[in-house]
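In my numbering, the protein residues as written are 123 to 881.
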Amino acid sequence: MRSSLYIRLYSKVVLIISISFAINHCSYCQVADFSKSYINITKGSNGGTIEPGNVLEIRATFVVRSGSFDSCAYYGIVPAGTVYVPNTLRLLTNEGKLYKQFTDALNDDAGWISGTNIRINLGYNPSTTPATAFRRGTVASSDKPSYYTTACIMVASFQVTVTAALGVNINTGAGSISFKNGSNPIFTYTFPPNTLKVYSDYGLGTGSIGPNLFTTETNGTFGGGKPRNRIASANVPSSYSYQVFNIGSPHDSYYGIANNTSTQLNYTTSDKWARPDTNSPSHRVFSLWDIIGDHTGAASATLGNPAADTVSASNAGYMLVVNSAYKTDSAFQATVNGLCPNTLYDVSCWFRNMCSKCGCDSNGKAATNSTGSPFYIPTSPGDSSGIAPNLIFEINGVDHYTTGNMTYTGQWIRKGFSYVTGPSQTSFIFRIFNNAPAGSGNDWAVDDIVVSAVAPKYSPATNAFVCQNNAITIYDTIRSAAGNYIYYKWQRSINDGNSWTDITTAQGPASPYWNGSVWEYVASHNITPARTTPADSGDLYRVIVSGISGNLSSATCSYTDTTNITLNVTDCHIPLEINLLSFSGSLKNNIITLDWSTTGVDEPIKFDIEKSINNSAFVVAQTIDGVNEGVDAVNNYTWTDPDIFTGKVYYRLKIYNSKGRIKYSRIVAFTSSDKSSDLVSINNPFGSVLSFDIYSDKRGTLNAKLIDGSGGPVKNIYFNVAKGMNYLHIDNLSLMPPGIYILSLYLNGEMINRKLLKQ
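Encoded structure:
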């Protein structure tokens, strides 16, 4: 919970109105504002969750709008779960620029730390009663750092390093500010608690994304219509008030919802007017804001839509635009329902900084003021936009993510994080908080709010070869950023995936392990001999996963891969006694030619040239009679595929005699894959030597593991691979018993698994 304080002080009367804001001035009253915030120094402008080791800057803002206050000081507390970063006691401008630096020591300047207690005496105008190491100072609205010479805004700050573990909550609230008015007693305002969670930064999901569960405000798009200004939103809290777009509105602590951000008095669809736009009346809000349309459905996600033509167009999308000020209050909130327990969700929005020249330096000089001296001091080199929006995503009252400073780029930017629901959680309250207390700048638009599930990724061993009436174990690797999809079951389809039947009960919880980039585990299932008859060849198998076992039967809370495992039942007769000396292919002008040679032929044989587009379902492309010239003769063959090569294709030879004895060649593949590495061919089934060809777009180290049917490693070998095609083999496999094995290859950050048959 965070709040700002607005105080009106009359003679001998103190009226405190908490969590409110006003712009009232009079000759007999004085106004002060307070707010508490923090930024994640470590994550910077990229934003992110707060993790162990991150450095946070705790900020307390004190604003004097009129008159003056005496005995002004900030009292800070180093939050539990953090440690103070030495020599970071500072006074900042409202743009976050350094204004004064203090030592940590006592009695040498106006700031110090003792244990976990921090004090910074405020007020530095030498013509009044400035703060020293021994007294609190006076702060007047005319003092520096100045806000357009009408108010003084100073930010007391210090930095801490997070030491708390993941999952622990930290209170960044507490601390206080003291001040007094004339002869009135000293008043101390204590900041309320504010809770943030130390949370894993999974980033935004890269897996398949489910439907948007953020149904509020037309699925987070704010809808559309012909009128330039839409009606107010019930999801914007009362701390912000609604205004239409005009030359001076939305003002600080106001918001609007529009499809065109030009002013009411001088409508335009062009964003090419000067900044500032000196036309009277101006086309631009405050003569400075961008003139744009919303983000939804834009051809360019970063550029967004141009300002809507509300004269001729019948409909255009809306966006929410907020003019944030000193308050670190909620600017938008909504309840999200229909969530699945222990499930990873992307929570994201598209934002845009609305003003390129809204800066105001510590002298009170605006970015648009070219006079001097003193001249305007830019926010940073080449940047006069002022305070960059910095927003917090709060889930159920706890901070989980900060966007980082969103500097002006003239473009939209997607911000968000991945959140894992609790073991029984089906909803949460989502809030967007202003975390950059300021008045110069900090104007932002938001659109396309999304909450969607991130499914795990799979790496099934897609080809399950087995001799008929033999058992086989099939495998699938499940990977996820949070390691949360730990329950699974297996299903089988006997009708090409048109329907599926459970073949196991709920399995789990699995124990994922960290593979260096994500969490993963291997799920396995043993197919019994009763299900490996020739009639079972072509059956499909898949894994269903979920965050809790009870959701494995839920269509909305369980997930599976689109790539299935295909059972290939082979009639494993006695192998044909023939030596296949070589089998290779070439691709030229999209024509594929296969070449092979044999020896040891002493009987009539035939070659079935088998072809596949998925390395699973092979069909006979042509049958060729073999040459029988005796066991010592070397026979050479060539075959050209009449089909034009259009993508990935696989070939193998089936060699057989009249007695039903069979021998298969290795698989030769041709591919136009854009992967950094790819398994091009492999001899499957294999004997004493396992040969395979792998392509790599760069030099690297390949880790090859041969795993038996029980999951135990048989071979673990490293190969140095060159850029291009690499012809590799694993020798001395004759003592390995026949059966099913998995070859697992890891190269260039990619993993390839293949199911193999050892004859």
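Built from N, CA and C at the ideal position, the CB exists for glycine as well.
**Prompt:** What's the C-alpha gap between V588 and G861?
**Reply:** Position 466 of the sequence shown, counted from the start, is the residue given in the question as residue 588. Position 739 of the sequence shown, counted from the start, is the residue given in the question as residue 861. Cα to Cα, V588 sits roughly 8 Å from G861.
**For R187, the three-state DSSP class (helix, strand or coil)** = For the purposes of this step, residue 187 is identified with residue 65 of the sequence shown, where counting begins at 1. Of the three classes helix, strand and coil, the one that applies to R187 here is strand, per DSSP.
**Message:** Here's the rule: buried if 16 or more other CB atoms are within 10 angstroms of the residue's CB, otherwise exposed. What is L703?
**Reply:** Here residue 703 refers to the residue found at position 581 when the sequence shown is read from its first residue. That one is exposed.
**Asked** Does DSSP put A423 in a helix, a strand or coil?
**Response** As a first step, residue 423 must be located in the sequence shown, where it is residue number 301. Reduced to three states, the DSSP call for A423 is coil.
**Message:** In the DSSP assignment, the beta strand (DSSP E) including G822 goes from what residue to what residue?
**Reply:** Numbered from 1 along the sequence shown, position 700 holds the residue referred to as residue 822. Element bounds for G822: G822 to I829.
**Prompt:** Quick one: Cα of F674 to Cα of N690, how far?
**Reply:** Position 552 of the sequence shown, counted from the first residue, corresponds to residue 674. Position 568 of the sequence shown, counted from the first residue, corresponds to residue 690. It should be noted that the sequence gives Leu, not Phe, for residue 674. So the alpha carbons of these two residues sit roughly 27 Å apart.
**Prompt:** With distances taken from CA atoms, which of T599, D763, F301 and Y868 is nearest S799?
**Reply:** Position 677 of the sequence shown, counting from 1, holds the residue named residue 799. Taking only the C-alpha atoms, the option nearest S799 is Y868.
**Asked** If you compare alpha carbons, which of S193, T418, N825 and G218 is closest to G345?
**Response** Your numbering for residue 345 matches position 223 in the sequence shown. Among S193, T418, N825 and G218, the Cα nearest to that of G345 is on T418.
**Delimiting residues of the alpha helix (DSSP H) encompassing N341** = The residue given as residue 341 occupies position 219 in the sequence shown. T338 to G342 is the span of the alpha helix (DSSP H), which, as asked, contains N341.
**Request:** State the DSSP-derived secondary structure class of N291, mapped to helix, strand or coil.
**Result:** Mapped onto the sequence shown, residue 291 falls at position 169. It is a strand residue.
**Asked** So, using beta-carbon positions, are T688 and N617 closer together than 9 Å?
**Response** The residue given as residue 688 occupies position 566 in the sequence shown. The residue given as residue 617 occupies position 495 in the sequence shown. It is not a contact, given that the beta carbons lie outside the stated cut-off.
**Prompt:** What are the boundary residues of the beta strand (DSSP E) that includes P500?
**Reply:** Sequence index remark: in the sequence shown, residue 500 carries index 378 (1-based). Where P500 is concerned, there is no enclosing beta strand (DSSP E), given that its DSSP letter is neither H nor E.
**Request:** Report the option in P314, H405, T682 and I829 whose CA atom is closest to the CA atom of T158.
**Result:** Locating residue 158 in the sequence shown gives position 36, counting from the first residue. For the sequence presented, residue 158 should be read as Lys rather than Thr. Considering only alpha carbons, the answer is P314.
**Item:** DSSP-derived helix/strand/coil call for A586
**Value:** Position 464 of the sequence shown holds residue 586. Three-state result, A586: strand.
**Message:** Can you give me the C-alpha to C-alpha distance between D483 and A456, rounded to a whole angstrom?
**Reply:** Taking the first residue of the sequence shown as position 1, residue 483 is located at position 361. Taking the first residue of the sequence shown as position 1, residue 456 is located at position 334. Taking the straight line from one Cα to the other gives about 36 Å.
**Message:** Just verifying my parser: in three-state terms, what is the DSSP assignment at S279?
**Reply:** The count along the sequence shown starts at 1 and reaches residue 279 at position 157. S279: strand per DSSP, three-state reduction.
**Message:** Ignoring anything shorter than 4 residues, give me the alpha helix (DSSP H) runs that lie fully in the region 320-372, in order along the chain.
**Reply:** 338-342
**Message:** From the DSSP secondary-structure annotation, give me the bridge partner or partners of I751.
**Reply:** As a position in the sequence shown, residue 751 is number 629, starting the count at 1. The sequence given here places Glu at residue 751; Ile does not occur at that position. Bridge partners of E751: none, in fact.
**Request:** Helix, strand or coil for S300, going by three-state DSSP, please let me know.
**Result:** As a first step, residue 300 is located in the sequence shown; it is residue number 178 there, counting from the start. In this structure, S300 counts as strand in the three-state DSSP scheme.
**Asked** Once you ignore the five residues that flank Y197 on each side, which residues in its own chain have a CB closer than 6 Å to its CB?
**Response** Counted from its first residue, the sequence shown places residue 197 at position 75. Cβ within range, chain order: R241, G297 and S298.
**Request:** Grab the span of the beta strand (DSSP E) containing E516 for me, first residue to last.
**Result:** Here residue 516 corresponds to residue number 394 of the sequence shown, with the count starting at 1. Where E516 is concerned, the enclosing beta strand (DSSP E) stretches over L513 to I517.
**Prompt:** What's the gap between the Cα of P324 and the Cα of A603?
**Reply:** As a first step, residue 324 is located in the sequence shown; it is residue number 202 there, counting from the start. As a first step, residue 603 is located in the sequence shown; it is residue number 481 there, counting from the start. In the sequence as displayed, the identity of residue 324 is Tyr instead of Pro. Looking at the two C-alpha atoms, the distance is approximately 6 Å.
**Request:** Using three-state DSSP, classify R397 as helix, strand or coil.
**Result:** Mapped onto the sequence shown, residue 397 falls at position 275. Of the three classes helix, strand and coil, the one that applies to R397 here is coil, per DSSP.
**Neighbourhood of P252 by C-beta distance below 7 Å, restricted to the same chain and skipping five residues each side** = Along the sequence shown, one-based indexing puts residue 252 at 130. Excluding positions up to five away in sequence, the list reads G245, Y246 and G259.
**Request:** Consult DSSP for F224 and reduce its assignment to one of helix, strand or coil.
**Result:** Translated into positions along the sequence shown, residue 224 becomes position 102. Note: F224 maps to coil in three-state DSSP.
**Asked** What are the start and end residues of each continuous beta strand (DSSP E) run of 3 or more residues lying completely inside the region 533-571, in chain order?
**Response** 535-542 and 550-556
**Asked** To the nearest whole angstrom, what separates the beta carbons of S436 and K348, a pair I think is in contact under 8 Å?
**Response** Locating residue 436 in the sequence shown gives position 314, where the first residue counts as 1. Locating residue 348 in the sequence shown gives position 226, where the first residue counts as 1. The Cβ separation is near 6 Å, so the contact holds.
**Endpoints, beta strand (DSSP E) assigned at F313** = The residue labelled residue 313 in the question sits at position 191 within the sequence shown. Premise fails: F313 is in no beta strand (DSSP E) and is neither H nor E.
**Request:** Kindly indicate which residue of V520, P403 and Y643 has the alpha-carbon position closest to the one of N388.
**Result:** What you label residue 388 is simply residue 266 of the sequence shown in a count that begins at 1. The option with the nearest alpha carbon to N388 is P403.
**Prompt:** Is D431 helix, strand or coil when you go by DSSP?
**Reply:** On the sequence shown, residue 431 is found 309 positions in, with the first residue counted as 1. Looking at D431 - three-state DSSP - the assignment turns out to be coil, as it is neither helix nor strand.
**Request:** Rounded to whole angstroms, what's the CA-CA distance from T210 to A278? Just pull it up for me.
**Result:** If you number the sequence shown from 1, residue 210 lands on position 88. If you number the sequence shown from 1, residue 278 lands on position 156. One C-alpha to the other measures close to 10 Å.
**Request:** Would you list the residues sitting across from V520 in a DSSP beta bridge?
**Result:** Position 398 of the sequence shown holds residue 520. Bridge partners of V520: I517.
**Message:** Among the candidates H851, T715, V756 and G752, whose CA atom is the shortest distance from the CA of F792?
**Reply:** Here the question's residue 792 lines up with position 670 in the sequence shown. When only C-alpha atoms are compared, the closest one is T715.
**Asked** Between the C-alpha atoms of S856 and T745, what's the straight-line distance to the nearest angstrom?
**Response** Along the sequence shown, read from residue 1 onward, the residue named residue 856 stands at position 734. Along the sequence shown, read from residue 1 onward, the residue named residue 745 stands at position 623. Near 31 Å, if we compare the C-alpha coordinates of T745 and S856.
**Message:** Once DSSP output is grouped into helix, strand and coil, what is the label at N712?
**Reply:** Taking the first residue of the sequence shown as position 1, residue 712 is located at position 590. Note: N712 maps to coil in three-state DSSP.
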